[in-house]
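Here's the structure we're looking at; comments come further down.
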Amino acid sequence: MDRTETFEAERPRLLGIATRVLGDHAEAEDVVQQAWLRLDRAVTRDGTEIDNLPAWLTTVTTRLCLDRLRARTPVPVEDPHLEDAALEPWSDPVTDPADDVALADTVGIALQAVIDRLSPRERVAFVLHDSFGFDFATIGAVLDTSPVAARKLASRARAKVAQPAPEDALADWEVVDAFMAAARGGDFERLLQLLAPDAVVGADEAAVLAGTPASIEGRDEVAAFFNGSAQAAMAVFVGDRPASAWFHRGAAAVVFDFEVADGKVRAITFRADPDVLGQVVRRDGPTAR
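FYI, the numbering for the sequence shown is 1 to 289, going by full-length UniProt numbering.
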């Protein structure tokens, strides 16, 4: 294959890496396109010969992601002793590889807030190793560090993701938005992860008259109801509570009023009472619009 065909064959994998690292699909697409432009410049203008094009593309894409992560974090947060990790005694906690894969696969939307708080290098090492199975020699080359230091970065990141510090707990609005994103995307497994075992759905009288179900009980049943639905719902506050709502002609028509506890959705109540709708304010994340 020529380089264009090779790039197109590699694009889905590169996009997957960039999306996991950056947590933003649109930004990931931009990074992958930038990697193509660098490839074209390197080969066409500079006459560079690339022996292993997939590896070259992986390195360039990951480093472009790393540049963007660093731009988001203007104050250095790296451990100044990490580059000397090869000189330190280091014992990676014993884990089952299957558990690592399961952890990486459940990160997605629900724990993206925790991933966002990792240092850029921890984030890259964790995603490349736990999500995509790269060895630490390759990760070390991408990060310009040793394989031992790369292993340490990934291990520290894994510990933070598996057992978030109290300050890394997901805010209620992050849980609500994660749930709605999983609903729109038809991600049944993530819906289950975000719901408490005894989750329920209810509705006020006005919402029932508008066509919402009066009651749904149980995590599986609630997840099945929302799976692939709520495409047009928008993020709102109801008073001071993060929620979501359907709008009609610019006005809130039905509110999804969430009860969140310990990072899980315990209850969702559909509300269409005019007094409740009068409290609805659009929001972006934690900020009212």
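Quick reminder that beta carbons are idealized off the backbone N, C-alpha and C, glycines included.
Bear in mind the structure is a predicted one, so any value in this text is a computation, not a measurement.
Can you give the Cα-Cα distance for residue i and residue j, rounded to whole angstroms?
i           : j       : result
Asn-227     : Ile-115 : 25 angstroms
His-129     : Val-280 : 43 angstroms
Glu-10      : Gly-140 : 21 angstroms
Ala-18      : Trp-36  : 13 angstroms
Asp-198     : Arg-266 : 7 angstroms
residue 293 : Leu-195 : Residue numbering for the chain in the displayed model covers 1 to 289; residue 293 lies beyond these limits and cannot be assessed.
Arg-184     : Gln-231 : 5 angstroms
Gln-33      : Trp-56  : 14 angstroms
Leu-153     : Ala-137 : 13 angstroms
Leu-66      : Trp-173 : 27 angstroms
Arg-151     : Ala-272 : 52 angstroms
Arg-282     : Val-142 : 42 angstroms
Leu-14      : Arg-41  : 18 angstroms
Phe-179     : Trp-246 : 15 angstroms
Phe-256     : His-25  : 26 angstroms
His-248     : Ile-268 : 20 angstroms
Ala-206     : Ala-252 : 13 angstroms
Asp-187     : Thr-61  : 27 angstroms
Ala-261     : Leu-191 : 15 angstroms
Ser-119     : Gly-211 : 46 angstroms
Mapping DSSP to helix, strand and coil, what is residue i?
i       : result
Gly-218 : coil
Thr-287 : strand
Pro-197 : strand
Ile-268 : strand
Ala-261 : strand
Ser-119 : coil
Pro-12  : helix
Pro-242 : strand
Arg-282 : strand
Gly-140 : helix
Phe-132 : coil
Ala-210 : coil
Gly-202 : strand
Ala-171 : coil
Ala-233 : coil
Ala-104 : With a pLDDT of only 39 at Ala-104, under 50, the local geometry of the prediction cannot be trusted, and no value is derived from it.
So which of the options has the shortest CA-CA distance to residue i?
i       : options                            : result
Pro-286 : Val-176, Ala-26, Gln-34            : Val-176
Val-4   : Glu-29, Ala-230, Glu-27, Leu-53    : Inspection of the sequence shows that residue 4 is occupied by Thr rather than by Val. The candidate whose alpha carbon is nearest that of Thr-4 is Leu-53.
Arg-64  : Glu-29, Arg-158, Val-148           : Looking at the sequence shown, residue 64 is not Arg but Leu. Leu-64 has its Cα closest to that of Glu-29, out of Glu-29, Arg-158, Val-148.
Pro-274 : Val-265, Val-127, Asp-204          : Asp-204
Ser-215 : Phe-270, Gln-193, Gly-250, His-248 : Phe-270
Glu-122 : Pro-147, Val-201, Arg-156, Gly-133 : Arg-156
Gly-133 : Gly-16, Gly-47, Val-255            : Gly-16
Thr-59  : Arg-38, Val-43, Arg-45             : Arg-38
Lys-160 : Phe-126, Trp-173, Leu-143, Val-31  : Phe-126
Glu-217 : Ser-229, Ala-252, Gly-202, Ala-230 : Gly-202
Leu-22  : Val-260, Thr-48, Arg-68, Ala-42    : Arg-68
Ala-288 : Thr-61, Ser-244, Ala-178, Ala-182  : Ser-244
Thr-145 : Ala-251, Val-124, Ala-207, Val-200 : Val-124
Ile-50  : Thr-6, Ala-207, Arg-158, Gly-211   : Thr-6
Gly-250 : Ala-210, Ala-71, Thr-212, Val-236  : Val-236
Phe-258 : Ala-171, Val-43, Pro-120           : Ala-171
Met-234 : Arg-45, Glu-27, Val-148, Asp-284   : Asp-284
Ser-131 : Arg-20, Gly-278, Val-276, Leu-277  : Arg-20
Should residue i be flagged as near chain B, meaning a C-beta pair shorter than 8 angstroms?
i       : result
Asp-284 : This model lacks chain B altogether; it includes just one protein chain.
Query - Inter-stretch contact (C-beta, 8 angstroms, three-pair minimum) for the stretch 236 to 255 and the stretch 214 to 228 - result: Segments in contact, no.
Query raised in the report: Which parts of the UniProt domain "RNA polymerase sigma-70 region 2" (7 to 72) are runs of the alpha helix (DSSP H), unbroken and 4 residues or longer, counting only runs that do not cross its ends?
Result: Fully enclosed alpha helix (DSSP H) runs of 4 or longer: 25 to 40, 53 to 72.
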